[in-house]
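Residue numbers (mature numbering (1 follows the signal peptide of the UniProt record, and there is no 0)): -19 to -1, 1 to 446. Glycine included, C-beta positions come from ideal geometry on N, C-alpha and C.
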Amino acid sequence: MKQLVLWALALMASPIVFAQNSTLDARIKNNLYLNVYVNKTNCYVGEPIVVTYKLYSSLESVSEVIKDPDFAGFELRDLIASGDDIVNRQTIDGKSFDVHTLRKIQLTPLEAGRLVLDPMILSNRIRLIDASGNRSSLLDGIDDSFLKNGEYRVSIASVPITVNVQEAPANAKPAVYNGAVGDFKMNVRLSKVNLNPGEQGSLLITISGTGDFSRVTQPVVQWPSGVTAATATVQEQYDRNDKNAPGVKIFTFPFSSSKVGAYTIMPVQFSYFDAVRNRYNTVSNPPVTFYVREGAVNAPAGAVNTQAERNDHYGALLLGIGIVALLLLILLLRKMFRNKGQQQPMRQVMLKQQVQPVQTDQPGSGVEELLQPAEDAVTKPGSLFYTTLRQGMIRFFEQKYQVPAKLFYKSTLKETMTQRKVPVPLQDEVFHMLTEIEMNIYSAGGMEGDRVRLLEKTKAILKKL
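Have a look at this one:
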C-alpha cells in the first residue's frame, strides 16, 4: 500500500517537475547559447569559407565540447582552436555577456553539392545556488530539490548549416589549373642575371593575393638544357585569422650551370578561379634570361622584364650623357651672359624670396597631387611604383594628421586615426592597403593592370579620410 502511495505521488509530481525544468531551460537559453557564423553559404569547389563558433554566457557556468562537427566534404584548417580560450565582453539588449570564441576554422570544399555542417554540442554545468545558499533569480518560483550541489546540467547545440557548393565551370578550365580559388597575381624574378660557371642562382616565384594558399601549388618551370635545378623551398606569409587580407607564397628554386652561355627560362603560368567574377584567370611572366660567364659580376637581377644585357651599351650610354651635359653647359653659359645686365634686379628678387617663409605642402594638398609620382611610375619595372605609392601615403598622413615620416608605423597610425575618430572599417581599409603595398614591394611588384587598380583604390581610400 505504501509503495502505491509513493508511486502515485511520483506520478503526480512528474508533470510539475517537467514543467519546472522546461521553465528553467527557457530562462537559461536567454542567458547561455551557442551561435555559429559562416562568412558565405554559396561557394565553388576549392573556394574557402570561414566558420566561427561562439558561446555567449551571462551565467556562472562550466562548458565542455562533447561533440565537434565532422565537416565531411571539406579540407579543414584551424584558425582558432578550442584550446586558445579567446574571451571578450559584449552587451546585448542591456545584458552583459562573456563571449567565448570556441573555434574558428577555414573550410575548403572538396566536392560539389549541399554540404551540411552538423551541430557543435556543449555540456554545461550552471551554478544556481552559491556556497552561501543564495539562489539565482532563474530559480524564482521553481523548486530546487532536483539540483545537484547547487548546479544544473544542460546541453546546448549550434544550428546545422547548409553550404551550397558548385563546380567551377569546366568549359574553359586551363590545363595548369590546380584548384586555387581567390584573387591572385604572380611575380617571377632572378636573384642575379650574371653567374660564374657552377655558381648557384635562384628563381623566385611570388604568388600574392587573397584566398586559400594551401591550394596554391608549385608552378611548373621549364628549365633550359644545361641547367640543373634543385627542389624549391616555400615560404608563406599571410594572416590566418583574416582570409580577406593580402597574403603571399614564395617558391625559391636554386639552380646552376657549368657551361658558359645565355639561358632563357620560358614564361611560367599560374591559373586560379575568380569566384567573384565567375571565371578562370591565368597569369604569366615574360621570358627570363641569365648569363653564365667567366668572371661574371654578381649583381642583383632587378626587374624580370630585362630581356637582354645592357653591358655592351654602357659605353654608348656614357658618351650620350657626356654630350647632353656639354649642351646643357653651353646653354647655361649663354643664359648667364644674356642676363648679366639684369644681375642687380635679380639679386633683389632673390632677396625678397628669401625673406618670405618657405612654403610647404599644406594639409589641404590634394590626394591626386601627392600620388602623382606613383602614377608616373605605373609603367616602371620592379617595385618603384609601390615604394613611390607608399611614400605618397606617408606624405598624406604627415600633412593630414601630422604623423612624422620617421614615426610612420602601424601602431602610431592606429592611435592617431582613433584619436581623430576615423571609423574602424576605414582604418582596416588603410591597413589592408598598406599591407598589400608592402607585399608588392617585397615581391618586386606585379602587372601594370594591378598597379592601376591599386593606385585608384589608394586614391579612393585616402579621399575618404
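DSSP, reduced to helix, strand and coil, places residue 400 within a helical segment of the structure shown. Contact between residue 35 and residue 83 holds: their C-beta atoms lie close to 7 Å from each other, under 8 Å. Per DSSP, residue 275 is not a residue of any alpha helix (DSSP H), being assigned neither H nor E.
Residue environment: residue 187 is assigned as buried (16 or more neighbouring CB atoms within 10 Å of its CB, all protein chains considered).
Cβ atoms of residue 55 and residue 88 come within 8 Å of each other, at about 4 Å.
Sorting 99, 43, 202 by C-alpha distance to the C-alpha of residue 139 places 99 at the top. Rounded to the nearest whole angstrom, the C-alpha separation of residue 209 and residue 31 is 42 Å. In the structure shown, the three-state DSSP call for residue 446 is coil.
Straight across, the Cα-Cα distance linking residue 354 with residue 370 is about 8 Å. The beta-bridge partner set that DSSP reports for residue 167 consists of 188.
In this structure residue 264 touches residue 166 by the C-beta definition: roughly 6 Å separates them, less than 8 Å. In this structure, the straight-line span from the alpha carbon of residue 408 to that of residue 374 is close to 14 Å. Counted as a single uninterrupted DSSP element, the alpha helix (DSSP H) harbouring residue 372 occupies residues 365 to 381.
Residue 57 counts as exposed, since fewer than 16 other beta carbons sit within 10 angstroms of its beta carbon. In this structure residue 245 touches residue 270 by the C-beta definition: roughly 5 Å separates them, less than 8 Å. Going by DSSP, residue 351 is part of the alpha helix (DSSP H) stretching over 348 to 351. Sixteen is the threshold: when 16 or more other Cβ atoms of the shown chains lie within 10 Å of the Cβ of residue 193, as they do, the residue is buried. The closest CA to that of residue 150, considering only 385, 381, 260, is found on 260.
The three-state secondary structure of residue 262, taken from DSSP, is strand. Taking C-beta atoms as the reference points, residue 46 and residue 146 fail to come closer than 9 Å.
Judged by beta-carbon spacing, residue 13 lies within the 9 Å limit of residue 137, meaning their Cβ atoms are closer than that value.
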